[in-house]
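One structure below.
Residue numbers (the working numbering): -13 to 175.
Below, the structure is given as structure tokens:
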């Protein structure tokens, strides 16, 4: 009888990764504010995923953040794949008080409602000074649904958008001015 040796090589391939181009940290609107947030988009692995944030949160996205570094450890359902990602949430400089006032005034009134929405969503914000801005609405895949360039004098900007011909899901409403970029997540159901 011959001795037979069987060698088995186990290879664990982990295709689990975050899509860095889709994951984003949103900065605080003013010095000392706690309105920053981080939006994750997970690609690969086996759902459901678990999230362990450095601030103790366990949700995929975290909100109401102060400035600082936030790290998340993500596991897939098999607990084989693991990835750790860090994000920095910033705030305006205290010494730049005029900019902080503008940002606080502009962002404190930036609303998208109702959220979740069914067919129509309304965008409302206050323009601190007459300025040019772009209004963009895009889906979770980055497909742009609306891209308008506007000039708004001091006061409220209100715009309703019809989503009745769009699929249900997550959308982002973004206002881009020379001074800042503001983004809100919208759920259409």
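Ideal Cβ placement from N, Cα and C applies to all residues, glycine included.
In whole angstroms, give me the CA-to-CA distance for residue i and residue j.
i, j, result
"residue 127", "residue 99", "21 Å"
"residue 164", "residue 64", "45 Å"
"residue 2", "residue 106", "The pLDDT assigned to residue 2 is 44, lower than 50, so where the model puts this residue is not dependable; a value taken from the coordinates is nonetheless given after this. Roughly 36 Å separates the two Cα atoms."
"residue 69", "residue 140", "46 Å"
"residue 143", "residue 97", "10 Å"
"residue 168", "residue 56", "20 Å"
"residue 26", "residue 9", "4 Å"
"residue 129", "residue 151", "15 Å"
"residue 153", "residue 145", "20 Å"
Among the options, whose alpha-carbon lies nearest the alpha-carbon of residue i?
i, options, result
"residue 61", "19, 29, 174 and 172", "29"
"residue 66", "34, 57 and 41", "34"
"residue 122", "159, 31, 21 and 58", "159"
"residue 50", "111, 22, 124 and 134", "22"
"residue 59", "79, 46 and 53", "46"
"residue 102", "19, 18 and 174", "174"
Grouping DSSP H, G and I as helix and E and B as strand, with all else coil, what is residue i?
i, result
"residue 25", "strand"
"residue 46", "coil"
"residue 15", "coil"
"residue 65", "coil"
"residue 56", "strand"
"residue 99", "strand"
"residue 170", "strand"
"residue 33", "coil"
"residue 154", "coil"
"residue 141", "strand"
Is the beta carbon of residue i sitting closer than 8 Å to the one on residue j?
i, j, result
"residue 74", "residue 11", "yes"
"residue 147", "residue 109", "yes"
"residue 119", "residue 71", "no"
"residue 76", "residue 133", "no"
Bridge partners for residue i per DSSP, in chain order?
i, result
"residue 121", "134 and 161"
"residue 146", "108"
"residue 75", "54"
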